[in-house]
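Undergrad: Just remember that mature numbering (1 follows the signal peptide of the UniProt record, and there is no 0) sits 7 ahead of the position in the sequence shown, which is counted from 1. Just so you know, even glycine gets a beta-carbon here, dropped at the ideal spot from N, CA and C. All of these numbers come straight from a predicted model, not from anything done at the bench.
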Amino acid sequence: KKLGIALVGLGSYSTYQLAPGLQDAEHCYLAGIVTGTPEKEKVWMEKYGIPKENVYNYENFDSIAKNDSIDIVYVVLPNSMHADFSIRAARAGKHVICEKPMAMNVEECDAIIDACKKSGVKLSVGYRMQSDPYTNEIKRLVSEKPFGKVMYVSSDAGYISRGNPEQWRLDRSLSGGGALMNMGVYSVQSNIYGVGLNPISISAQEFSTRPEYFKDTDESITAQMEFPDGTVGHMFTSHNASANRLFVSFEKGWVELNPCHSYGPISGRTSEGNEIKYPHQSQQKVQMDDFAKHILMGTPNVAPGEMGKRDMIIVEAIYKSIAEGGKRMPLDLGDMGIVKK
Ligand code: NAD
């Protein structure tokens, strides 16, 4: 059986990544759409052969509960709408994929997790890198230790935002924050899988060079993390600099992915001069198939709601550290969001 997915929000990520990725998926397919733009309905129905009864708008969305051909609702809206639609999807009895960053704050993450628990549905965050073979090779090197223990990890994620300063990503009421909410979650994620542990503290600094463009949201942020085994971590995220890298330094060598967080092909190498290389395929296809397999076959949920919540706890600690002049913020995360294979 293939599970039916309904995409909520037909913006650029749904249009150019998720819908095409679903065309090759083995365990799920594009069954429905939810859109606030009536003109998109016909275009998508024709392009993907979606029947009228599987097309919803934001108002009649809750009646999706009665539609047995939709198993999973995938929320791909601006961040301020993630919690509302994820909770409504859960109450409709549908499994939920919620895009990153999971929500506007930790409180909203809790509300999504609770709603999914109450309805007995599965929840995943749109962290496509957790299904990516390069990411999983890093996790293997960290756990099997061919280069010894990790000593230092560093991760950068950013791009130069130009053009429309009115876009939702730069409007705090819709995004919840700037570079950190959009790209910084990738750095947080890769620092954590680059060590295999959650950080025990974080200190952060913010940099602003184009305040006339970034009126409402953070432009660039650096942060330093301490891990319980003594590993030191560093991250940089920006809407004003291109950066796309993970560097893991071990006792006896290093590994680097650069580019690291983009849709691929990813590129990797080790201190021994070996290239890390996998055949390229849609990360989104693999991610959605992973979630469908979790539902159908009970394989691990590689990006559970707790992982999205943990990252939001770290995001909030970063903003708090900045507000307090770079103060070291202790974190008490235990193994929250760490998925064991
Ligand atoms: P987008 O701006 O291209 O699309 C947003 C969609 O939301 C549009 O269809 C728009 O019509 C709709 N919308 C509804 N209310 C809106 C409002 N008040 N303001 C603006 N748009 C509104 O954005 P996107 O790039 O598709 O991003 C959507 C979500 O997906 C975000 O949460 C983003 O972080 C996430 N995303 C994830 C990845 C990834 O690699 N996992 C990549 C891109 C985007």
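When every heavy atom of the ligand NAD is checked, does at least one fall within less than 6 Å of the C-beta of Val83?
TA: True, at least one ligand heavy atom lies under 6 Å from that Cβ.
Undergrad: So if DSSP puts His102 in a beta bridge, which residue, or which two residues, is it bridged to?
TA: According to DSSP, which records beta bridges pairwise, His102 is partnered with Ile79.
Undergrad: Rank Phe298, Pro206, Asn265 and Glu331 by C-alpha distance to the C-alpha of Lys284 and give the top, closest one.
TA: Closest by alpha carbon: Asn265.
Undergrad: Tell me the start and end of each unbroken beta strand (DSSP E) in the stretch 233-314 that is at least 3 residues and wholly inside, in chain order.
TA: The stretch 233-314 contains these whole beta strand (DSSP E) runs: 239-245, 247-257, 260-264 and 275-277.
Undergrad: Would you kindly report the start and end of the unbroken alpha helix (DSSP H) that includes Leu29?
TA: Leu29 -> alpha helix (DSSP H) spans Ala26 to Gln30.
Undergrad: Alpha carbons only, please: which of Met136, Ala230, Leu177 and Gly185 is nearest the one belonging to Tyr193?
TA: Out of Met136, Ala230, Leu177 and Gly185, Met136 has the C-alpha closest to the C-alpha of Tyr193.
Undergrad: Does Tyr200 get closer than 7 Å to chain C when you measure Cβ to Cβ?
TA: Of the chains in the structure shown, none is chain C; there is only one protein chain.
Undergrad: List the DSSP bridge partners of residue 374.
TA: The question about residue 374 has no answer, for the chain in this structure spans 8 to 348.
Undergrad: Measuring CA to CA, which of Lys49, Tyr166, Met314 and Gly185 is closest to Glu173?
TA: Residue Gly185 is the option with its Cα nearest to Glu173.
Undergrad: Should Leu10 and Cys35 be called a contact, given that it needs their Cβ atoms to be closer than 7 Å?
TA: Yes, Cβ-Cβ distance for Leu10 and Cys35 is below 7 Å.
Undergrad: Please return the same chain residues whose Cβ sits closer than 8 Å to the Cβ of Ile71, not counting the five positions on each side in sequence.
TA: Cβ within range, chain order: Ala13, Gly39, Val41, Tyr63, Ile77, Val80, Ala96, Ala99 and Lys101.
Undergrad: Kindly confirm or deny that the stretch 242-261 and the stretch 156-170 touch, where touching means at least three C-beta pairs closer than 8 Å.
TA: Cβ pair count under 8 Å is three or more, so yes.
Undergrad: Under 6 Å Cβ to Cβ from Leu130, same chain only, skipping five residues before and after it: list those, please.
TA: The residues are Val103, Cys123 and Gly312.
Undergrad: Taking only three categories from DSSP, how would you classify Phe68?
TA: Phe68 falls in the helix class under three-state DSSP.
Undergrad: Just checking Leu177 against the ligand NAD - is the residue's beta carbon closer than 6 Å to any of the ligand's heavy atoms?
TA: Not under cutoff, so the answer is no.
Undergrad: If you draw a straight line from the C-alpha of Thr142 to the C-alpha of Asn281, how long is it?
TA: Those two C-alpha atoms are separated by around 16 Å.
Undergrad: Under the three-state reduction of DSSP, which class applies to Thr229: helix, strand or coil?
TA: In the structure shown, Thr229 sits in a strand (DSSP, three-state: E or B).
Undergrad: With distances taken from CA atoms, which of Gln212, Val15, Tyr326 and Pro337 is nearest Glu66?
TA: It is Val15 whose Cα lies nearest to the Cα of Glu66.
Undergrad: May I ask which residues mark the beginning and end of the alpha helix (DSSP H) holding Asp121?
TA: Its alpha helix (DSSP H) spans residues Val113 to Ser126.
Undergrad: Rounded C-beta distance between Val262 and Gly275? I'm assuming under 8 Å.
TA: Contact flag correct, Cβ pair sits at about 7 Å.
Undergrad: Within a Cβ cutoff of 6 Å, which residues of the same chain sit near Cys267, ignoring the five residues on either side of it in sequence?
TA: Closer than 6 Å at the Cβ level, and outside the excluded window around Cys267, lie Asn251, Arg252 and Leu253.
Undergrad: Going by the CB atoms, is the gap between Pro286 and Met188 shorter than 7 Å?
TA: Not in contact: Met188 and Pro286 (Cβ atoms no closer than 7 Å).
Undergrad: Per DSSP, Gly191 is paired with what?
TA: Bridge partners of Gly191: none, in fact.
Undergrad: What does the Cβ neighbour count give for Asp296, buried or exposed, with the cut at 16 atoms within 10 Å?
TA: Under this definition Asp296 is a buried residue.
Undergrad: Using 7 Å as the threshold, is the C-beta distance between Met336 and Ile209 below it?
TA: For Met336 and Ile209, yes; Cβs fall inside 7 Å.
Undergrad: Measure from the alpha carbon of Met190 to the alpha carbon of each residue in Ser138, Ser126 and Glu226, then state which is nearest.
TA: Checked all of Ser138, Ser126 and Glu226; the closest Cα to Met190 is Glu226.
Undergrad: Which class does Met343 belong to by DSSP, given the choice of helix, strand or coil?
TA: Note: Met343 maps to coil in three-state DSSP.
Undergrad: Could you check if Asp139 is buried or exposed, using at least 16 other CB atoms within 10 Å of its CB as the buried criterion?
TA: It is buried - the Cβ of Asp139 has at least 16 other Cβ atoms within 10 Å.
Undergrad: If we ignore side chains and look at the alpha-carbon of each, how far apart do Ser289 and Gln24 end up?
TA: Cα to Cα, Ser289 sits roughly 8 Å from Gln24.
Undergrad: I want to check one thing, is the minimum distance from the CB of Glu106 to the heavy atoms of the ligand NAD below 6 Å?
TA: Checking the Cβ of Glu106 against the ligand NAD gives yes.
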